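Before any comments, here is the structure.
Numbering (the working numbering), first residue to last: -6 to 152.
Structure (structure tokens):
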């Protein structure tokens, strides 16, 4: 139990430190870790521990749309963005859908919104999204390196 707790705390610290440092260094608008809850064996009950038998534990998340099935595990907004807004979340989720279902590239440059999105898939249910409020190259070395290092640290390959 203590080992799991320490591993969780270590993972939280790694996520926070890596994303904060990366945002400042690369001027990314945000970094978000997102969970697709639609394929989970049990319903997603939200963040934190729920005591068995309590009303919070019996609660199930009712999805009204495709994007409602995605929960933000972690979000770090650089600058003015404190939380991940619904429009941005929708954009990320639809890019994720294209990547998973159409095997498209985990990169999109939206000319109208002047945004660049990068996705790194950990598995079919968890992915990392990095957003820039500018046009960035698909093969930007700094971003690709961060995505690879972040994925390695989350898989506990490197701490």
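We put the CB at the ideal spot given by N, CA and C, even for glycine.
Owing to the predicted nature of the structure, the values given are computational and were not obtained by experimental measurement.
Query - Of the residues 33, 26, 92, the one placed nearest residue 65, counting alpha carbons only - result: 26
Query - Where the beta strand (DSSP E) containing residue 26 begins and where it ends - result: 23 to 29
Query raised in the report: Residue ranges of each beta strand (DSSP E) run of no fewer than 3 residues wholly in the stretch 78 to 139, ordered along the chain?
Result: 100 to 103, 108 to 114, 119 to 125
Query raised in the report: Based on Cα-Cα distance, which residue from 127, 23, 35 lies nearest to residue 109?
Result: 127
Query - Sheet register partners of residue 64 (DSSP bridge) - result: 28
Requested in this report: Classify residue 70 as helix, strand or coil using the three-state DSSP reduction.
Outcome: strand
**Report entry** Helix, strand or coil at residue 147 [DSSP, three-state]
**Finding:** helix
Query raised in the report: Quick one, which of 84, 120, 93 has its alpha-carbon nearest residue 105's?
Result: 84
**Report entry** Under 8 Å between C-beta atoms of residue 143 and residue 11
**Finding:** yes
Query raised in the report: Distance, Cα to Cα, residue 148 vs residue 115?
Result: 8 Å
Report task. Please state whether DSSP places residue 14 in a helix, a strand or coil. Result -> helix
Query raised in the report: In the structure shown, what three-state DSSP assignment does residue 141 receive?
Result: helix
Requested in this report: State the CB to CB distance for the pair residue 123 and residue 21, rounded to an integer number of angstroms; the pair is presumed to be in contact (CB under 8 Å).
Outcome: 5 Å
Report task. Return the residue from the list 58, 67, 130 that minimises the CA-CA distance to residue 103. Result -> 130
Query raised in the report: From 112, 94, 58, pick the residue whose C-alpha is nearest to that of residue 141; which is it?
Result: 112
Query raised in the report: Can you give the Cα-Cα distance for residue 59 and residue 81, rounded to whole angstroms?
Result: 14 Å
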